[in-house]
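The sequence shown lines up with residues 120 to 415 when you count with the numbering used here.
Data block below; observations after.
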Amino acid sequence: MNPIAKSVASSVPWGLDSETGVLRHVLLGKPDFFEWRPVSAVARHTLSLGLHFDAQLAMSQHRAMVDVYEGAGVECHWLDARPELKYGVFARDSSVMTPFGAVITMPQTRFRRGDYALTFKFYTEAGIPIWNMITAGHFEGGDFMVVKPGFVLCGYGGERSEKEGAEQMCEWFRAEGWEAYPVPFPPHFVHLDVSVGFINDKLVAVAPDAHQPWFLDLLKSKGYEILPVSYYDSTQLGTNIVSLGNDRVLSTAANKDLNARMRALGIEVYDPDLSMFTLGGGGPHCLCQALKRDLL
């Protein structure tokens, strides 16, 4: 399939074939205008409690996350920030990276619909080809995972991503000879990356309560050992982790149980405090879009 927008000069490296290859380049949003909005079950619960949002703390927490990336040898690239796009800091949902170029997604919530302008601008200016754009229903980047070469997952809970959007993405990959699976889950989990987080090419954190048995069997058939995460921990963004490759994972300070179990298995875990963002509905995986990983 020909990309919609071809690369003229590839100034920013791109391309990946997994969730776990060594991360080299990442796309991030700026937290300048971030505020909590009722975008998900998690964020709505936070707002209902009347908790205080601390903008300066959010800025410093985001900086600590960037320090982890840079300390791990990852080059950070940035989406523009606009005051009307409060959730533009979550770079995951408005696009995805694939082996064939970027895909511009179709966010459902009104707080995210304008984000496409930021991502389209970034990819065209960076010289990264836009492979396709979601047009069949809503589909958001938190529901998409290039798991390993030849194998992708496209989740949908109905509240944010819809079956039609997930199926459209799957069809594009099937046309390229890949296995692509639409994965339904209960809507209060928001996105697939709230209940599934790949640690390395053999280990995946999963909230079993969020998924049907066939999905767990599928992961096992692909050679993955499942590290179970509780229902409560997953709704607190417990599986929303980023594999940096080479058995290194970006998690959060609040994710104590999973962090301890990963460390016991020899995984190097970075765990900055990202509470201002997790209370707003997104963890480290939500905050980034991998642009370039080493191929598996």
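Built from N, CA and C at the ideal position, the CB exists for glycine as well.
All of these numbers come straight from a predicted model, not from anything done at the bench.
Contact under 9 Å by Cβ, residue i with residue j
i, j, result
"Cys273", "Leu335", "no"
"Gly399", "Val215", "no"
"Gly148", "Val187", "no"
"Ile247", "Ala221", "yes"
"Asp262", "Ala285", "yes"
"Leu135", "Ala324", "no"
"Ala183", "Met395", "no"
"Leu363", "Val193", "yes"
"Lys411", "Lys341", "no"
"Asp320", "Leu415", "yes"
"Gly258", "Glu281", "Here the sequence assigns Phe to residue 258, which means Gly is not the residue at that position. The answer is yes: Cβ separation under 9 Å."
"His181", "Leu406", "yes"
"Tyr350", "Leu322", "no"
"Ala174", "Glu154", "yes"
"Gln287", "Gly316", "no"
"Ser137", "Val265", "yes"
"Lys271", "Phe241", "Here the sequence assigns Val to residue 271, which means Lys is not the residue at that position. Contact: no."
"Ala245", "Trp133", "yes"
"Gly296", "Gly276", "no"
Same chain only: Cβ atoms within 6 Å of residue i, ignoring 5 sequence neighbours per side
i, result
"Gly357", "Val348, Asn374 and Leu377"
"Thr397", "Leu356"
"Phe439", "Residue coverage of the chain in this structure runs from 120 to 415, which leaves residue 439 outside it and unanswerable."
"Arg367", "Glu387"
Opening and closing residue of the beta strand (DSSP E) in which residue i lies
i, result
"Gly190", "Not the beta strand (DSSP E): Gly190 falls in the alpha helix (DSSP H), residues Ala174 to Gly190."
"Thr217", "Ser214 to Thr217"
"Arg412", "Cys407 to Arg412"
"Glu387", "Glu387 to Tyr389"
"Leu198", "That residue, Leu198, is in no beta strand (DSSP E); it is neither H nor E in DSSP."
"Glu138", "Note, Glu138: premise wrong, no beta strand (DSSP E); not H, not E."
"Leu363", "That residue, Leu363, is in no beta strand (DSSP E); it is neither H nor E in DSSP."
"Pro347", "Glu344 to Pro347"
"Trp250", "Ile249 to Met252"
Beta-carbon contacts of residue i that lie in its chain and below 7 Å, excluding the five residues immediately before and after
i, result
"Ala329", "Phe304, Pro305, Phe308, Ser314 and Ser353"
"Trp197", "Leu147 and Lys149"
"Thr224", "Asp212, Ser213, Ser214, Val215, Ile253, Phe258, Glu259 and Gly260"
"Asp390", "Ser370, Thr371, Ala372, Asn374 and Asn378"
"Thr238", "Leu198, Ser213, Ser214 and Ile223"
"Pro157", "Arg163 and Leu166"
"Asp151", "Ala200"
"Gln331", "none"
"Ala191", "Leu363 and Arg367"
"Ala210", "Leu146, Leu147, Gly148, Leu198, Leu406, Cys407 and Gln408"
"Val131", "His144, His196, Ala245, Gly246, Ile247 and Leu410"
"Pro327", "Leu335 and Pro347"
"Thr217", "Trp250 and Val265"
Limits of the alpha helix (DSSP H) - the one that residue i falls within
i, result
"Leu377", "Lys375 to Ala383"
"Met395", "Ser394 to Thr397"
"Glu244", "Asp234 to Ala245"
"Thr371", "Element bounds for Thr371: n/a, residue is neither H nor E."
"Thr224", "Looking at the DSSP string, Thr224 is not in any alpha helix (DSSP H), and its letter there is neither H nor E."
"Thr354", "Tyr350 to Thr354"
Short CB-CB distance (under 9 Å) between residue i and chain B
i, result
"Gly192", "Checking the listed chains, one finds no chain B in this structure; it contains a single protein chain."
Close-in-space but distant-in-sequence residues of the same chain around residue i (CB under 8 Å, 5 per side omitted)
i, result
"Asp392", "Gln180, Ala183, Thr371, Ala372 and Ala373"
"Lys339", "Ile345"
> When the Cβ atoms of the stretch 401-410 are set against those of the stretch 369-382, are three or more pairs found closer than 8 Å?
Replying inline: yes
> So, do the stretch 139-148 and the stretch 379-394 have three or more beta carbon pairs nearer to each other than 8 Å?
Replying inline: no
> Where in the stretch 254-331 do unbroken runs of the beta strand (DSSP E), each at least 3 residues long, occur, reported from the N-terminal end onward?
Replying inline: For the stretch 254-331, whole beta strand (DSSP E) runs of length 3 or above, ordered along the chain, are 263-267, 270-275, 298-303, 315-317 and 322-325.
> Is it true that the stretch 289-305 meets the stretch 223-231, where meeting means three or more beta-carbon pairs spaced less than 8 Å apart?
Replying inline: Contact between the stretch 289-305 and the stretch 223-231 is absent: fewer than 3 CB-CB pairs across the two stretches fall below 8 Å.
>> What ranges does the beta strand (DSSP E) occupy inside the stretch 142-173, keeping only unbroken runs of at least 3 residues that lie completely in it?
In response: 142-147
> With contact counted as at least three CB pairs below 8 Å, one residue from each stretch, are the stretch 233-249 and the stretch 198-208 in contact?
Replying inline: yes
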